[in-house]
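Chemist: Residue numbers (UniProt numbering): 1 to 193.
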């Protein structure tokens, strides 16, 4: 019975993802040719284990070829959490897939992972932190995440890239958002079955 209830809850959460909002990407005033076609990227929900790269993560990126985002259905309790982890993981996807040439990040390198983790923490977990606590929140979340892959060097890598990464607001620009003020999002109601 417990397994059936968990499966029903998983299916309910999975169907409620259809109404999630999209996020604007900064565009240049100059018209440039469209980027080369990229292979499609999946976003999937699954039950996540307690070991390996899944560890205690709420979501993670697989890739780079093919690239996908896995949401851990057994660790996400609300649409707000789903939104937060999607923003976090999509920052990583942007850093790996959308940045051009030498600006593209290789998240298998400690300093580049740390750079992306600082940006992702700033836009997701720490977005609503006060000005006073934001720096601590971002440093801590980025160090914990980077240390999962680089236990000995994670904190040091974050310290090295922190200032530069905090200034990098791509793919957003200041006209797209009021930095530090989250836009309220209204989700469509979901029906209980």
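We put the beta carbon where it would ideally sit given N, CA and C, even for glycine.
How big is the Cα-Cα spacing for residue 57 and residue 75?
Modeler: Taking the Cα positions, residue 57 is about 8 Å away from residue 75.
Chemist: Using DSSP with H/G/I as helix, E/B as strand and the rest coil, what is residue 42?
Modeler: strand
Chemist: Contact check, residue 121 vs residue 138 under 8 Å by CB: the rounded distance?
Modeler: 5 Å
Chemist: To the nearest angstrom, report how far apart residue 136 and residue 67 are at their CA atoms.
Modeler: 30 Å
Chemist: Could you tell me which uninterrupted alpha helix (DSSP H) segments, each at least 4 residues in length, are contained entirely in the segment 39-118, listed from first to last along the chain?
Modeler: 79-93
Chemist: Leaving out five residues on either side along the sequence, give the residues of the same chain with a beta carbon under 7 Å from the beta carbon of residue 116.
Modeler: 91, 92, 95, 105 and 107
Chemist: Can you check whether the CB of residue 71 is closer than 7 Å to the CB of residue 45?
Modeler: yes
Chemist: Pull up the distance between the alpha-carbon of residue 40 and that of residue 141, whole angstroms please.
Modeler: The alpha-carbon of residue 40 is positioned some 29 Å away from that of residue 141.
Chemist: According to DSSP, is residue 126 helix, strand or coil?
Modeler: Correct three-state label for residue 126: coil.
Chemist: Can you say whether residue 84 is buried or exposed, counting buried as having 16 or more other CB atoms within 10 angstroms of its CB?
Modeler: buried
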